[in-house]
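K.L.:
Numbering-wise (UniProt numbering), the sequence shown opens with residue 1 and increments by one.
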Amino acid sequence: MGYARVTSPRFSVVWGTPLEHEQTSPEQRKEGESAPESTTSDTSDISATPAARRRRVRRTTLLIAGAAVLGALAGTATGYAVQYHREPTPLPPLAQQKMDGPKPAAMNDATSHRSINAHRWHKADEDLAKKLLEVPGGAQDSFSGPVSTDTFSADYFLEPSQAVGSLIRQGKRLATARWAENDRNFVEVNLLQFRDRAGADDFYTDIVQYMPEKDHAGNTGKDLPGAPSDFGHMWIDSKAHQEPGYHPIRQSRAVVRRGDIVMSVKYTNNRGEIDEKALVELAKRQMERL
């Protein structure tokens, strides 16, 4: 039985049964079988593809990182510019509007260093002041209690501004007791407590180094009886200091380091005569209280 053949532009189909190959001429089939299949790229391009891909990935990563950095910088600059032109935000009010403190009062016969500078003292300062020698009853021009750093520096140092900074960094507390035994002998005791023994050692060493100078005692002094040899010394001025119209003034000094405290006892006579025994006795009594 014969079949009707239907021909389409690309396929030849027997009625009911499609052909599995294109309708080509024998010459076209021979050319197709003999010609190799063409590819879009040669082997060299295929072998270079991984390296090129890595370079593209690396380049893309750098571009993304650079864009991120530039974006962060631009955002920071914009934020500063915006904040610069804004009004400052007011701080909230203090919870305690009125602070307790001494009220100002006019000076009178009861005015003292303690009452003037009451806001500067701390309970710890009072504890150190309790270790001071007691002022003798009936003594003239007497004072005993804590002192501020700036007051102490102004009384004892040629350059108070530098001394204040050093004492604030190293020192913790200061206390002073002074009195006049009569119109000739004057006593002053100072206690300086430092944050540690190293600060006390430095302060004591500085005194030992400058006291032999001619503007001070003018001699090397000697060990203070009853005190450790390395941390107790005393000096009596080599000569009295006198100015026209004034009595000759002569000073003596004993310095002791005990732990983190340095004690200094000054005994001054305005007739040019120093009782060494009196200086040693004062220093021993002060050491006992420490």
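Yeah, the Cβ is synthetic: ideal placement off N, Cα and C, and Gly gets one too.
Keep in mind it's a predicted model, so treat the numbers as computed, not measured.
So which of Ala240, Arg257, Thr149 and Met211 has the shortest CA-CA distance to Gly199?
P.N.:
With distances taken between Cα atoms, Gly199 lies closest to Arg257.
K.L.:
Given that a residue counts as buried once 16 or more other Cβ atoms are within 10 Å of its Cβ, and exposed if not, what is Ala52?
P.N.:
Exposed is the call here.
K.L.:
For Lys277, which residues in the same chain have their Cβ closer than 7 angstroms to its Cβ, ignoring the five residues on either side in sequence?
P.N.:
There are no such residues.
K.L.:
Quick one: which unbroken alpha helix (DSSP H) runs of 4-plus residues sit fully inside the stretch 185-227? Chain order, please.
P.N.:
Counting whole runs of 4 or more residues, the stretch 185-227 contains the alpha helix (DSSP H) stretches 197-210.
K.L.:
Give the DSSP-derived three-state secondary structure of Tyr80 in the structure shown.
P.N.:
The answer is helix: DSSP assigns Tyr80 an H, G or I state.
K.L.:
Start and end of the alpha helix (DSSP H) containing Arg285?
P.N.:
Taken as a continuous stretch (DSSP letters only), the alpha helix (DSSP H) holding Arg285 covers Glu276 to Arg289.
K.L.:
Run through DSSP, which three-state label would Asp127 get?
P.N.:
The answer is helix: DSSP assigns Asp127 an H, G or I state.
K.L.:
Name, in chain order, the residues that DSSP records as bridge partners for Pro146.
P.N.:
The partner list for Pro146 (beta bridge, DSSP) reads Ala175.
K.L.:
Measure the CB-CB distance between Leu279 and Ser252 and report whether it falls below 8 angstroms.
P.N.:
Yes, the pair counts as a contact, with Cβ atoms nearer than the cut-off.
K.L.:
In angstroms with no decimal places, state the Cα-to-Cα distance between Arg285 and Val189.
P.N.:
So the alpha carbons of these two residues sit roughly 11 angstroms apart.
K.L.:
Work out the CA separation of Ile274 and Gly218 for me, nearest whole Å.
P.N.:
Each residue's alpha carbon lies about 15 angstroms from the other.
K.L.:
Note down the Cα distance separating Ala154 from Tyr80, rounded to an integer number of angstroms.
P.N.:
Going from the Cα of Ala154 to the Cα of Tyr80 covers about 46 angstroms.
K.L.:
Going by DSSP, what residue range makes up the beta strand (DSSP E) through Lys266?
P.N.:
Its beta strand (DSSP E) spans residues Ile261 to Asn269.
K.L.:
Given a cut-off of 8 angstroms on the beta-carbon distance, is the pair Arg289 and Lys172 in contact?
P.N.:
Against a cut-off of 8 angstroms, the Cβ pair of Lys172 and Arg289 comes out as no contact.
K.L.:
Please tell me whether Leu224 and Ala283 are closer than 8 angstroms, where the distance is taken between their beta carbons.
P.N.:
Yes, the Cβ-Cβ distance between Leu224 and Ala283 is below 8 angstroms.
K.L.:
Have a look at Phe231, Asn270 and Ala67 and flag the residue whose alpha-carbon is nearest the alpha-carbon of Gly245.
P.N.:
Measuring from the Cα of Gly245, the nearest candidate turns out to be Asn270.
K.L.:
So, with DSSP's three-state summary, where would you put Gly272?
P.N.:
Correct three-state label for Gly272: coil.
K.L.:
Quick one: grab the DSSP three-state call for Arg257.
P.N.:
The answer is strand: DSSP assigns Arg257 an E or B state.
K.L.:
Under a Cβ-count criterion, where at least 16 other Cβ atoms within 10 Å of its own Cβ denotes burial, should Tyr210 be classed as buried or exposed?
P.N.:
Looking at its Cβ environment, which holds fewer than 16 other Cβ atoms inside 10 Å, Tyr210 is exposed.
K.L.:
Excluding the 5 residues flanking Glu87 on each side, which residues of the same chain have their C-beta closer than 8 angstroms to its C-beta?
P.N.:
Around Glu87: no qualifying Cβ.
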